[in-house]
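Residue numbers (this note's numbering), protein chains in the order written: chain A, 1480 to 1721; chain B, 19 to 71; chain C, 1020 to 1237; chain D, 1020 to 1237; chain E, 50 to 259; chain F, 50 to 259. Note that CB positions come from ideal geometry on N, CA and C, so glycine has one too. All values derive from a computational prediction rather than experimental measurement.
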Amino acid sequence: MSIWEYANPKKFMQTSAWLLPWAVGLTVLCLGIGLIWGFFFTPDDYKQGATVKIIYIHVPAAMMAINVWVMMLVTSLIWIVRRHHVSALAAKAAAPIGLTFTLIALVTGAFWGQPMWGTWWAWDPRLTSFLVLCLFYLGYIALWQAVENPDTAADLTGVLCVVGSVFAMLSRYAVNFWNQGLHQGASLSMDAKENVSDVFWLPLLICIAGFVLLFIALVLMRTRTEIRTRRAQALMARERLA
Amino acid sequence: MMPDLGKYAFAVLASYGATVVLLAALVALSFWQRARAKRLLDEVEARAGKTDG
Amino acid sequence: MIALLIRDLRLAFRTGGGFGLGLAFFLLVAVLVPLGVGPEGGTLGKIAPGILWVGALLACLLSLDRIFALDFEDGSLDLLATSPLPMEGAVAVKSLAHWLVTGLPLTLAAPALGILLNLPPAGYGWLVLSLALGTPALSVIGTFGAALTVGLKRGGLLLSLLVLPLYVPTLIFGAEVVKRGAAGMEVATPLALLAAITAGAAGLLPFASAAAIRVNLR
Amino acid sequence: MIALLIRDLRLAFRTGGGFGLGLAFFLLVAVLVPLGVGPEGGTLGKIAPGILWVGALLACLLSLDRIFALDFEDGSLDLLATSPLPMEGAVAVKSLAHWLVTGLPLTLAAPALGILLNLPPAGYGWLVLSLALGTPALSVIGTFGAALTVGLKRGGLLLSLLVLPLYVPTLIFGAEVVKRGAAGMEVATPLALLAAITAGAAGLLPFASAAAIRVNLR
Amino acid sequence: MEMVVTDLAVARGGLVVLEGVGFTLRPGQALVLRGPNGIGKTTLLRTLAGLQPPVAGRASVPAESLAYSSHADGLKATLTAAENLVFWASVYGTGTVEAALAGMNLLSLRDRRAANLSAGQKRRLGLARLLVTGRPIWVLDEPTVSLDTASVALFAGVVRAHLAAGGAALIATHIDLGLDEAEILDLSPFRAAPGAFAHGPDRGFAEAFG
Amino acid sequence: MEMVVTDLAVARGGLVVLEGVGFTLRPGQALVLRGPNGIGKTTLLRTLAGLQPPVAGRASVPAESLAYSSHADGLKATLTAAENLVFWASVYGTGTVEAALAGMNLLSLRDRRAANLSAGQKRRLGLARLLVTGRPIWVLDEPTVSLDTASVALFAGVVRAHLAAGGAALIATHIDLGLDEAEILDLSPFRAAPGAFAHGPDRGFAEAFG
Ligand code: HEM
Ligand SMILES: Nc1ncnc2c1ncn2[C@@H]1O[C@H](COP(=O)(O)OP(=O)(O)OP(=O)(O)O)[C@@H](O)[C@H]1O
Ligand SMILES: Nc1ncnc2c1ncn2[C@@H]1O[C@H](COP(=O)(O)OP(=O)(O)OP(=O)(O)O)[C@@H](O)[C@H]1O
Ligand SMILES: [Mg+2]
Ligand SMILES: [Mg+2]
């Protein structure tokens, strides 16, 4: 049995029905442990004080905001190359989740920036590229909603996603070139200890896992919704004909 | 129980609050859409079942 | 292909949507911003490179929906799609026509508007060069956005939303060239990147645009 | 008349051209300007009132051609003109619908964009107030421009060219209110003038617009 | 409720195309306008509908009594068939649209967006609008374009019912509608002579140059 | 130069409208498609023209041999009649447009802008485009809409000449063209059954729930 079996809507509905409760359970578990640990049982940072607690939301949300777009790129490509409907619908289902994560990263960043940098917003490269990412999500969602025929919409948004990815990377580079920023460097790099100390490290990892699981749970559920809607549309079309 | 957040209470609580609001909105939207899709599909399938078995 | 180019240019002139109007809009932005911002020369001079580039970008943007919309509405696009012209070629020609009608005159007129905005003297050459290198990318990317939204009957706004994030790198490098040029710094890197974007976009995007149009005509 | 208002609002939502997109464009201007101008907070804060007003104006402008163009193309405008609705009323309703779909959401969203542009805190209240008073004038004046150009088949640019000079006073007073407000100066005079422009435009221009439409349908 | 047209001259693009047109349209009467392409049927109908002024002569149309239907249908692609009609019904202050939908055989399409109708279905919807205007005098420009034979017959029935109810109809068409009771007015004799220019909209100009 | 269509199914808006359509169009032959409004004539013609993919079956159209004409004319309002044709002539790489103008009786209108033509004159110009394509297979969607009787006869003559020169024509129409030699294909029997859905573009979704 090939992996493409799961691209069959029926198979997908079966598998996801089985998978979804597990994903939800694990999400609640991880997010619960991670956030409670982080919020209540970690010390303040010597430099940043209590604001360091924001890291447990900010960093996972920021990472996922990017990863969701990558996932949409992959599923879009699968749709363009192999034309599996579920793949296109999964991309459609993921976009609002990605947008929400982007907004969370932006908002928590803004609340963090106020005490740390003395401003809600600065045209820092990383912040700017997130704003651009937010625009990409908005445009992508708007295009899905603008096109009536679902296959046409899938094709157009697929092309937009591929082209958009290239330009998103370009803007990231451009923005770096344009302004040296205030923002923290990557802290989860090879040598973790250099950036974030041990006490913050483990709860952060758990929170990241929690956000990944949250995404999986939501995307499964939303893809199921999209499949149902699509099937209802198909049946209604058939009804009209009869 | 509540950790002392000091002068950063607003920033931290607002961040957590905003996150909860945004996630709750997304989850609510997802459930609402799910309910709507289910209702629609059930209706349509009931009708389809009647007309052509 | 040449026939299509000539037709598009002729249509642009006949409908009065040609040179004059793209320019006029650019001019109006250059006039409105000082009106809104206030007349101090120092501030204006500092923001001039950015505003001129943003103005050029918006002038481009406003005329994008006409690249395909009119042809779609009156059925010519269907007929073009069934004609011996390859769709990729037709799309590329339409980008070119759009640039000739919008980007080129903007480039030529930019120095005059630089004066309105107190652009420092060292910046003029770079302004023209950067617009000459960058506006073709604006036309090509805009054509892609227009291809995605053709037939969607919703005016320019969805198109703007889709296209503007794609314009970000061009805008940044373009404005950066002028800013650095005006300040006497070296400009080779942003200039090279600007040229690379234009070349890449012109080489690859017509294929994506043609695909989008075919999908939209289905 | 209410039927027309409901229809126009419904069309705006259905075609997706409603709240979301007008706003999106405003947001894009607020994003692009810093990208072009550069990231220093001080400069940005100084030009923020002007840029926000210019952005609102352009967002309005972009959607103007849809006020009548679609109705003209599909023949509804002919049918409306022969219907029992007085043309003046229809025009006024269309301005109102345009404002509800464009001006109102812009006004409500403006403070968020003020943050992006480092608007000084004292300016926020005045920004909202001036937009609330000024954007209706933008819609009414824009409707007049759209009425003049309906049926001329030349996209938004001619329209922009006609309308922008008419927008100048509104822009100047609006931006002035915010600038003075942000600097803690008194704002009564520009505010009163802004209100006067809106009241005058809303009271008189629909007659001119209706006349223009009747001529254009001939 | 009589429409009286006397010695009317109409112009298109600054050029008089028809002159001396005269007829009377009484309640219960249908008048079919005929004439080769380009003679000026559309121009004449637009003038009668009040969209453009006549060059000479008079058209006395009772106030608030005329419903015009042009080459285009005036449908909103994103509204459903029923929503399109409801809008016109409330503009004209008439009540329900059910009768109109039933009359043009559109009941099964009522919740379909206008964009998703075929050419003929759109046309049927455009014609259904006439039924919700409640106006007695119909002025129709090639109403049966794109309609199949069955729909043309349906439309003829609708017009007949309108006439029976005391309405009147002025119809420009090239094809046979199967309305045998209709009178036919051929416009060819009214084609404006080139000299008609001298009385046309540019008369002042003509005189100015002798 | 033969167009062979076998067992073709076509869809519009994600919905199969016609299935099992099959015919052969040989040089010198004219085939008239008939069927009530909404049966799917436009959809079928667009599929044959390559604008949309078929759902099932095959349409083998010789490369570079087909000229399509749709409900809309594709005229540019600001170009003159001659300029409109010259553009298409150079796209198709054929020579002069004089013959086409003469053929559709447009010589007197050659320097008139398309915007200033009447509905029927526009249509004639749209049909003249076929003559400059130089393509042997014409695929026409309701070509005679808005034409008066004389123009319909003129058009029938043009089609006849095209057939005599070895061309072929596939014409969807509701009215009688006076082309007695044309074969007629009624599409009603090919209306897709609701079950056609199972082979349609939504097959995956039919299976999704068994
Ligand atoms: C609106 C504003 C902000 C946005 C959009 C934003 C975005 C991001 C992004 C994209 C990451 C990278 C996650 C990764 O790749 O691993 C990140 C990480 C981080 N941010 Fe922010 N940020 C914002 C504001 C702030 C502020 C104000 C602070 C604190 C002063 C801050 C502190 C951090 C830290 C400590 C990390 C972890 C470093 C890392 O793992 O890369 N951020 N943020
Ligand atoms: N803007 C214009 N300028 C000059 N002449 C025009 C203009 N518009 C139309 N005409 C000419 O006016 C004449 C009348 O046009 P009209 O549309 O009224 O004809 P019609 O009888 O409705 O024809 P059809 O049956 O083809 O619809 C035509 O000869 C046309 O060429
Ligand atoms: N976007 C769409 N979505 C769903 N159904 C559609 C869509 N567009 C058209 N249809 C339906 O598809 C069918 C075929 O339409 P088509 O235009 O091919 O018919 P046609 O035979 O050309 O009719 P006509 O003679 O009226 O032009 C019609 O019943 C129409 O209502
Ligand atoms: Mg006519
Ligand atoms: Mg059709």
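Taking Cβ-Cβ distances below 7 Å as the criterion, which residues of the segment 1636-1656 of chain A are in contact with chain D?
none
For Thr92(F) and Val66(F), believed in contact at Cβ under 8 Å, the rounded distance:
In the sixth sequence, residue 66(F) corresponds to position 17, counting from 1. In the sixth sequence, residue 92(F) corresponds to position 43, counting from 1. Contact flag correct, Cβ pair sits at about 6 Å.
Cβ-based burial, Met1204(C) [other Cβ within 10 Å; buried from 16]:
By one-based count along the third sequence, residue 1204(C) stands at place 185. Exposed: under 16 other Cβ atoms inside 10 Å.
Apart from the five residues on each side of it in sequence, which residues of its chain come closer than 7 Å, Cβ to Cβ, to Gly106(F)?
Against the sixth sequence, residue 106(F) aligns to sequence position 57. Taken in chain order, the residues that qualify are Thr55, Asp56, Leu57 and Ala58.
Please classify Gly1790(A) as buried or exposed, where buried requires at least 16 neighbouring CB atoms within 10 angstroms.
Here chain A comprises residues numbered 1480 to 1721, so residue 1790(A) is not present and cannot be evaluated.
Could you tell me the alpha carbon to alpha carbon distance between Leu31(B) and Leu1136(D), rounded to whole angstroms?
By 1-based counting over the second sequence, the position of residue 31(B) is 13. By 1-based counting over the fourth sequence, the position of residue 1136(D) is 117. Approximately 25 Å between the Cα atoms of the pair.
Alpha carbon to alpha carbon, how far is Phe239(F) from Glu68(F)? Give it in angstroms, no decimals.
Your numbering for residue 68(F) matches position 19 in the sixth sequence. Your numbering for residue 239(F) matches position 190 in the sixth sequence. Their backbone Cα atoms lie some 5 Å apart in a straight line.
Put Ala126(F) into one of helix, strand or coil per three-state DSSP.
Residue mapping note: residue 126(F) aligns to position 77 of the sixth sequence, counting from 1. Three-state DSSP puts Ala126(F) in coil, outside helix and strand.
Taking Cβ to Cβ, would you say Ile220(F) is nearer than 9 Å to Leu212(F)?
Position 171 of the sixth sequence, counted from the start, is the residue given in the question as residue 220(F). Position 163 of the sixth sequence, counted from the start, is the residue given in the question as residue 212(F). Going by C-beta atoms, Ile220(F) is not nearer than 9 Å to Leu212(F).
For Lys1532(A), decide whether its Cβ has a neighbour in chain B, counting only Cβ atoms nearer than 9 Å.
Your numbering for residue 1532(A) matches position 53 in the first sequence. Yes, because at least one Cβ of chain B sits closer than 9 Å to the Cβ of Lys1532(A).
Using only alpha-carbon positions, find the residue among Leu1236(D), Trp1118(D) and Ala1100(D) that is nearest to Leu1150(D).
Taking the fourth sequence and counting its residues from 1, one reaches residue 1150(D) at position 131. Out of Leu1236(D), Trp1118(D) and Ala1100(D), Trp1118(D) has the C-alpha closest to the C-alpha of Leu1150(D).
What are the boundary residues of the beta strand (DSSP E) that includes Arg61(E)?
On the fifth sequence, position 12 is the one that residue 61(E) refers to. From DSSP, the beta strand (DSSP E) with Arg61(E) extends over Met52 to Arg61.
Suppose you measure from the CA of Pro1103(D) to the CA of Ala138(E); what does that come to, to the nearest Å?
For the purposes of this step, residue 1103(D) is taken as the residue at position 84 of the fourth sequence. For the purposes of this step, residue 138(E) is taken as the residue at position 89 of the fifth sequence. Taking the straight line joining both Cα atoms gives about 11 Å.
On the DSSP bridge list, what partners appear for Arg1029(C)?
Here residue 1029(C) corresponds to residue number 10 of the third sequence, with the count starting at 1. Beta-bridge pairing links Arg1029(C) to no other residue.
Can you name, in chain order, every residue of its own chain whose Cβ lies under 7 Å from the Cβ of Ser1608(A), other than the five neighbours on each side?
Taking the first sequence and counting its residues from 1, one reaches residue 1608(A) at position 129. The residues are Ser1650, Arg1651 and Val1654.
Gly1094(C) Cβ short of 8 Å to ligand 5 heavy atom set
Residue numbering aside, residue 1094(C) sits at position 75 when the third sequence is read from its first letter. No - ligand 5 has no heavy atom lying nearer than 8 Å to the Cβ of Gly1094(C).
Give a yes or no on whether the C-beta atoms belonging to Leu179(F) and Leu166(F) are separated by under 9 Å.
Along the sixth sequence, read from residue 1 onward, the residue named residue 179(F) stands at position 130. Along the sixth sequence, read from residue 1 onward, the residue named residue 166(F) stands at position 117. Cβ atoms of Leu179(F) and Leu166(F): not closer than 9 Å.
Assigned exposure category for Phe1091(D) - 16 Cβ within 10 Å defines buried:
Your numbering for residue 1091(D) matches position 72 in the fourth sequence. Under this definition Phe1091(D) is a buried residue.
Taking 9 Å as the threshold (beta carbon to beta carbon), is Leu1000(D) in contact with chain E?
This structure leaves residue 1000(D) out entirely; chain D is present only between 1020 and 1237.
Between the CA atoms of Val208(E) and Arg75(E) - distance to the nearest angstrom
Taking the first residue of the fifth sequence as 1, we reach residue 75(E) at position 26. Taking the first residue of the fifth sequence as 1, we reach residue 208(E) at position 159. Roughly 15 Å between the two C-alpha positions.
Beta-carbon contacts of Gly62(E) that lie in its chain and below 8 Å, excluding the five residues immediately before and after
Reading the fifth sequence from its first residue, position 13 is the one you call residue 62(E). Result list for Gly62(E): empty, nothing under 8 Å.
To which residues of the same chain is Lys1198(C) closer than 6 Å at the C-beta, ignoring the five residues directly before and after it?
Numbered from 1 along the third sequence, position 179 holds the residue referred to as residue 1198(C). Around Lys1198(C): Pro1068.
For Val1642(A), does the three-state DSSP call read helix, strand or coil?
Position 163 of the first sequence holds residue 1642(A). Reduced to three states, the DSSP call for Val1642(A) is helix.
To the nearest angstrom, report how far apart Ile1534(A) and Ala55(B) are at their CA atoms.
Here residue 1534(A) corresponds to residue number 55 of the first sequence, with the count starting at 1. Here residue 55(B) corresponds to residue number 37 of the second sequence, with the count starting at 1. For Ile1534(A) and Ala55(B), the distance between alpha carbons rounds to 36 Å.
Taking the straight line between their C-alpha atoms, what separation do you get for Val1565(A) and Met1492(A)?
Position 86 of the first sequence, counted from the first residue, corresponds to residue 1565(A). Position 13 of the first sequence, counted from the first residue, corresponds to residue 1492(A). Answer to the nearest angstrom: the Cα atoms are 10 Å apart.
For chain F, find out if any of its Cβ atoms is closer than 9 Å to the Cβ of Arg1026(C); answer yes or no.
If you number the third sequence from 1, residue 1026(C) lands on position 7. Arg1026(C) counts as touching chain F.
Would you kindly report the start and end of the unbroken alpha helix (DSSP H) that includes Val188(F)?
Numbered from 1 along the sixth sequence, position 139 holds the residue referred to as residue 188(F). Per DSSP, Val188(F) belongs to no alpha helix (DSSP H); it is in the beta strand (DSSP E), Ile186 to Asp190.
For a contact defined as C-beta to C-beta under 8 Å, what are the partners of Trp1072(C) on chain D?
What you label residue 1072(C) is simply residue 53 of the third sequence in a count that begins at 1. Neighbours of Trp1072(C) on chain D, chain order: Gly1055.
Less than 8 Å between the CB of Pro85(F) and some heavy atom of ligand 3, yes or no?
The count along the sixth sequence starts at 1 and reaches residue 85(F) at position 36. Yes, Cβ of Pro85(F) sits closer than 8 Å to a heavy atom of ligand 3.
So, with DSSP's three-state summary, where would you put Asp229(E)?
The sequence position of residue 229(E) within the fifth sequence is 180, counting from 1. Of the three classes helix, strand and coil, the one that applies to Asp229(E) here is coil, per DSSP.
Hey, quick one: how far does the beta strand (DSSP E) through Arg83(E) stretch, first residue to last?
Along the fifth sequence, read from residue 1 onward, the residue named residue 83(E) stands at position 34. Ala79 to Arg83 is the extent of the beta strand (DSSP E) around Arg83(E).
In whole angstroms, what is the alpha-carbon distance linking Ala116(E) and Ala1022(D)?
Locating residue 116(E) in the fifth sequence gives position 67, where the first residue counts as 1. Locating residue 1022(D) in the fourth sequence gives position 3, where the first residue counts as 1. Cα-Cα distance, rounded: 18 Å.
Name the two residues that bound the continuous alpha helix (DSSP H) containing Tyr1143(D).
Along the fourth sequence, read from residue 1 onward, the residue named residue 1143(D) stands at position 124. Run containing Tyr1143(D): Gly1142 to Thr1168, per the alpha helix (DSSP H) assignment.
Over what stretch of residues does the alpha helix (DSSP H) that includes Thr73(F) continue unbroken?
Numbered from its first residue, the sixth sequence carries residue 73(F) at position 24. Premise fails: Thr73(F) lies in the beta strand (DSSP E), Leu64 to Leu74, not in any alpha helix (DSSP H).
Using a Cβ cut-off of 9 Å, which residues of the segment 1094-1126 of chain D contact any Cβ in chain C, in chain order?
none
Tell me which residue opens and which closes the beta strand (DSSP E) that Tyr117(F) is part of.
The sequence position of residue 117(F) within the sixth sequence is 68, counting from 1. Tyr117(F) -> beta strand (DSSP E) spans Leu115 to Ser118.
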